[in-house]
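Chemist: Protein sequences appear in the order of chains A and B.
Per the working numbering, the first sequence starts with residue 185, numbered consecutively.
Per the working numbering, the second sequence starts with residue 1235, numbered consecutively.
Glycine is no exception: its CB is placed at the ideal position from the N, C-alpha and C atoms.
Just so we're clear, the structure is a prediction, and the values are computed from it rather than from any experiment.
Have a look at this one before I ask anything.
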Amino acid sequence: MIDKAGSERGAPGAQTIAIGRCRDCLFDMVAGDLATVRADVAVAALCAQRADPAFLGTGIEALDGVLQGALARLRADGIFSGAWGETLCLSPLPAPAKVGGVIMLGMGPTGRNTTGKIRRALRIAASQAARMGASHATFAPPLPDMRLPRPTDVATARAMLLGVADGLERIGCGLKRWSFVAPASQMDALARQFAMAMRRIVEHEDGATIKAGTTRKGIWQTPG
Amino acid sequence: MANSGLIRVMVVDDHPLLREGVCAVISSQGDLAIVAETDSGEEALRLYDRHRPDIVLMDLQMPGMGGVAAIAALCKSHPAARIIVLTTYSGDAQAMSALRAGAAGYLLKSSLRHELLDTIRSVHAGGKYLSAGIATEIALHLAEDVLTNRECEVLTLAASGHSNKQIAGRLGLSEDTIKGYMKVIYAKLGAADRTHAVTIAARRGIIAL
């Protein structure tokens, strides 16, 4: 389903900040949006709220533009309801999209979720990305200007990292890179949140996704 | 009926050679198994009751009960049914009908082997799948009005070579009324004439030729 060369295409010139690693999967933050950062698959998190049906979210609207409004239309028509945990995969994407496929990920009626639900939603997305054969996935985390009630904080960032790791553990996949995508103006602040979340995981919860009885050391690593 | 983690698949397609090919591809996978195959929507409903497959691969254009009607009937009697449409139709109208009827996936027969397999696994895991080209087609016709059932009926008869007078006779309406319908159809489809309207409607899957 995915263009396997996609992960090799890279994002020349894009500003990138390493966050850390879980097993073979590198986490980083890349400046841009889901339409412009090259990857095998982009995960677009959408809530179901219809108060402003045209608004999809920062980083996602550019991708919707490349798809000529398909994401907004699928949500407006109820083909994708935005129910929590719902996924709708679109693939292969036509040029000029720089991602091989899209996973629309439902975040519930308003996007107001506990960290537990955010973690489970990211696990679902990472699992689907793995099933699509992706080695590099991108995700635009919620930002304050997305008009969602819960902008990214350290706890949310931690839940996202753990959710992706849960997906890796569950599917045992070839996902080698997970990039959080944000506008260049907000990238540094977000990267700090994710770096802090990664440090917390490494210090206090190393191997939190590993089943009981297996080793808990060396699963998570901070950069350098 | 469930069996050791295997994804159990039923194939519904009236073309034996295609059905055979799809079954061969699926049977070559360790985690997938064919539990039933048939060439009609009616038989699919009976076989579903008997085998309760995890995934149904459904063609749209079949004699008798078409694919969309079969999907609607299956989803009504078995709301948990996971159905993937496997079709040659890339038109937005067919896709919307199938998805609204309850299909969880829409895949073209021109898709690659691994796309079919990945889609079966994704849909079995609870996801939905749609070819991005079809999603874009759907979005392109965002602002357009859909044809009513009567307008589709008129256009289908026009596509069969009937004149306005003959259509009027068939439907028990006046010729002027049919002319009015045709004008509305042209406007909705952005068509210049009768042939153009038929071509657009067939391409988009609004009517079947």
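If contact means a Cβ-Cβ distance below 8 Å, which residues of the region 1355-1377 of chain B contact chain A?
Modeler: R1355, S1356, A1359, G1360, G1361, K1362, Y1363, L1364, S1365, A1366, G1367, A1369, T1370, I1372, A1373, L1374, L1376
Chemist: Does chain B have any CB closer than 8 Å to the CB of G204 of chain A?
Modeler: In the first sequence, residue 204 of chain A corresponds to position 20, counting from 1. It does not; no Cβ of chain B falls within 8 Å.
Chemist: From the beta carbon of L1266 of chain B, is the nearest beta carbon of chain A less than 8 Å away?
Modeler: Translated into positions along the second sequence, residue 1266 of chain B becomes position 32. It does not: the Cβ of L1266 of chain B has no partner Cβ on chain A nearer than 8 Å.
Chemist: So that I know if they touch, is there some Cβ in chain A lying closer than 8 Å to that of D1352 of chain B?
Modeler: Along the second sequence, one-based indexing puts residue 1352 of chain B at 118. Yes, D1352 of chain B lies at the interface with chain A (some Cβ there is under 8 Å from its Cβ).
Chemist: If the criterion is Cβ atoms closer than 8 Å, does the pair L126 of chain A and A219 of chain A meet it?
Modeler: No answer is possible for residue 126 of chain A: it lies beyond the span of chain A, which begins at 185 and ends at 408.
Chemist: Just the Cα atoms here: how many angstroms apart are R331 of chain A and C231 of chain A?
Modeler: As a working note, residue 331 of chain A is residue 147 in the first sequence. As a working note, residue 231 of chain A is residue 47 in the first sequence. Residue placement at R331 of chain A cannot be trusted, given a pLDDT of 49 that sits under 50; the coordinates are not used to answer.
Chemist: Sort out for me which residues DSSP pairs M1244 of chain B with in a bridge.
Modeler: The residue given as residue 1244 of chain B occupies position 10 in the second sequence. According to DSSP, M1244 of chain B bridges with B:A1270, B:V1290.
Chemist: Using DSSP's beta-bridge definition, name the partner residues of D212 of chain A.
Modeler: Here residue 212 of chain A refers to the residue found at position 28 of the first sequence. Answer is A:A202, A:S363.
Chemist: Is the beta carbon of A310 of chain A sitting closer than 8 Å to the one on L352 of chain A?
Modeler: Residue numbering aside, residue 310 of chain A sits at position 126 when the first sequence is read from its first letter. Residue numbering aside, residue 352 of chain A sits at position 168 when the first sequence is read from its first letter. Cβ atoms of A310 of chain A and L352 of chain A: closer than 8 Å.
Chemist: Select from the region 289-320 of chain A all residues with a C-beta closer than 9 Å to any C-beta belonging to chain B, and list them in chain order.
Modeler: I308, S311, Q312, R315, M316, G317
Chemist: Would you kindly check if the distance between the Cβ of L1320 of chain B and the Cβ of L1346 of chain B is under 8 Å?
Modeler: For this step, residue 1346 of chain B is matched to residue 112 along the second sequence. For this step, residue 1320 of chain B is matched to residue 86 along the second sequence. Contact flag unset, no.
Chemist: How many Å lie between D1410 of chain B and D217 of chain A at the Cα?
Modeler: Taking the second sequence and counting its residues from 1, the one referred to as residue 1410 of chain B is at position 176. Taking the first sequence and counting its residues from 1, the one referred to as residue 217 of chain A is at position 33. C-alpha separation (whole angstroms): 54 Å.
Chemist: Name the residues in the region 256-273 of chain A whose C-beta lies less than 9 Å from a C-beta of chain B; which are they?
Modeler: A256, R257, L258, A260, D261, G262, I263, F264, G269, E270, T271, L272, C273
Chemist: Return the chain-ordered ranges of every beta strand (DSSP E) run that is complete within the region 221-281 of chain A and spans a minimum of 3 residues.
Modeler: 223-230, 271-275
Chemist: Our contact map puts V227 of chain A next to L272 of chain A with C-beta atoms below 8 Å; I'd like the distance itself, whole angstroms only.
Modeler: The sequence position of residue 227 of chain A within the first sequence is 43, counting from 1. The sequence position of residue 272 of chain A within the first sequence is 88, counting from 1. Actually they are not in contact, since the Cβ atoms of V227 of chain A and L272 of chain A sit about 11 Å apart, beyond 8 Å.
Chemist: Can you tell me which of the three DSSP states I159 of chain A falls into?
Modeler: Lying outside 185 to 408, the shown extent of chain A, residue 159 of chain A is not represented and no answer is given.
Chemist: Give a yes or no on contact between the region 1429-1438 of chain B and the region 1394-1412 of chain B, applying the rule of three or more CB pairs nearer than 8 Å.
Modeler: no
Chemist: I'd like to know if A346 of chain A contacts chain B, where contact means its C-beta is closer than 8 Å to some C-beta of that chain.
Modeler: Taking the first sequence and counting its residues from 1, the one referred to as residue 346 of chain A is at position 162. At residue 346 of chain A the sequence reads Leu, which differs from the Ala that was named. Judged by the 8 Å Cβ criterion, L346 of chain A is not in contact with chain B.
Chemist: Under a CB-based cut-off of 8 Å, is G351 of chain A close to chain B?
Modeler: Sequence index remark: in the first sequence, residue 351 of chain A carries index 167 (1-based). False, the Cβ-Cβ gap to chain B never drops below 8 Å.
Chemist: Give a yes or no on whether the minimum CB-CB distance between L1281 of chain B and chain A is below 8 Å.
Modeler: Translated into positions along the second sequence, residue 1281 of chain B becomes position 47. No, no contact with chain A.
Chemist: May I ask you to list, following chain order, the residues of the region 1308-1340 of chain B that have a beta carbon less than 8 Å from some beta carbon of chain A?
Modeler: Interface annotation for the region 1308-1340 of chain B against chain A: M1330, L1333, R1334, criterion Cβ-Cβ distance under 8 Å.
Chemist: Which residue marks the beginning of the beta strand (DSSP E) containing V1319 of chain B, and which one marks its end?
Modeler: Position 85 of the second sequence holds residue 1319 of chain B. Start and end: 1317-1321.
Chemist: Between which two residues does the alpha helix (DSSP H) carrying G1264 of chain B extend?
Modeler: Start at 1 with the first residue of the second sequence, and residue 1264 of chain B comes out as number 30. Per DSSP, G1264 of chain B belongs to no alpha helix (DSSP H) and is neither H nor E.
Chemist: Interface residues of chain B around P367 of chain A at Cβ under 8 Å?
Modeler: Stepping through the first sequence from its first residue, residue 367 of chain A is reached at position 183. Ordered by position in chain B, no residue passes the 8 Å Cβ test against P367 of chain A, which lies about 24 Å from the chain.
Chemist: Starting from the C-beta of Q312 of chain A, find all residues in its chain whose C-beta is less than 6 Å away, skip the five residues before and the five after it, and write them out in chain order.
Modeler: Numbered from 1 along the first sequence, position 128 holds the residue referred to as residue 312 of chain A. Within the same chain, Q312 of chain A has close Cβ partners T271, I287.
Chemist: Tell me whether N297 of chain A is buried or exposed, calling it buried when 16 or more other Cβ atoms sit within 10 Å of its Cβ.
Modeler: The sequence position of residue 297 of chain A within the first sequence is 113, counting from 1. Classification for N297 of chain A: buried.
Chemist: Taking 8 Å as the threshold, find out whether the region 257-266 of chain A comes into contact with the region 1357-1376 of chain B through three or more Cβ pairs.
Modeler: yes
Chemist: Can you tell me the Cβ-Cβ gap for L1279 of chain B and A1315 of chain B, rounded? I've got them flagged as a contact below 8 Å.
Modeler: In the second sequence, counting from the first residue as 1, residue 1279 of chain B sits at position 45. In the second sequence, counting from the first residue as 1, residue 1315 of chain B sits at position 81. Between A1315 of chain B and L1279 of chain B the Cβ distance is about 10 Å, and since that is not below 8 Å, they are no contact.
Chemist: What separation, rounded to the nearest whole angstrom, lies between the Cα atoms of Y1323 of chain B and S369 of chain A?
Modeler: Counting from one through the second sequence, the residue named residue 1323 of chain B turns up at place 89. Counting from one through the first sequence, the residue named residue 369 of chain A turns up at place 185. In a straight line, the C-alpha of Y1323 of chain B is about 44 Å away from that of S369 of chain A.
Chemist: Within the 8 Å Cβ cut-off, does L230 of chain A reach chain B?
Modeler: On the first sequence, position 46 is the one that residue 230 of chain A refers to. No, its Cβ sits nowhere closer than 8 Å to a Cβ of chain B.
Chemist: Name, please, each residue of chain B whose Cβ falls closer than 7 Å to the Cβ of L277 of chain A.
Modeler: Here residue 277 of chain A refers to the residue found at position 93 when the first sequence is read from its first residue. The contacting residues are A1366.
Chemist: Can you find a C-beta in chain B that's less than 8 Å from the C-beta of A226 of chain A?
Modeler: For the purposes of this step, residue 226 of chain A is taken as residue 42 along the first sequence, with counting starting at 1. Cβ-Cβ to chain B under 8 Å: no for A226 of chain A.
Chemist: Using beta-carbon positions only, say whether Y1282 of chain B and M1244 of chain B come within less than 8 Å of one another.
Modeler: On the second sequence, position 48 is the one that residue 1282 of chain B refers to. On the second sequence, position 10 is the one that residue 1244 of chain B refers to. The answer is yes: Cβ separation under 8 Å.
Chemist: Assuming A1425 of chain B and Q1295 of chain B make a contact with CB atoms under 8 Å, what is their CB distance in whole Å?
Modeler: Counting from 1 along the second sequence, the entry for residue 1425 of chain B is found at position 191. Counting from 1 along the second sequence, the entry for residue 1295 of chain B is found at position 61. The pair is not a contact, with the Cβ atoms about 23 Å apart (cut-off 8 Å).
Chemist: Anything in chain B within Cβ reach of Q405 of chain A, meaning under 8 Å, just list it in chain order.
Modeler: Translated into positions along the first sequence, residue 405 of chain A becomes position 221. Here the premise fails: no neighbours, minimum Cβ distance about 29 Å.
Chemist: What residues from chain B crowd round G358 of chain A, counting only those whose CB sits closer than 7 Å?
Modeler: In the first sequence, counting from the first residue as 1, residue 358 of chain A sits at position 174. What G358 of chain A touches in chain B: nothing, since even the nearest Cβ is about 13 Å away.
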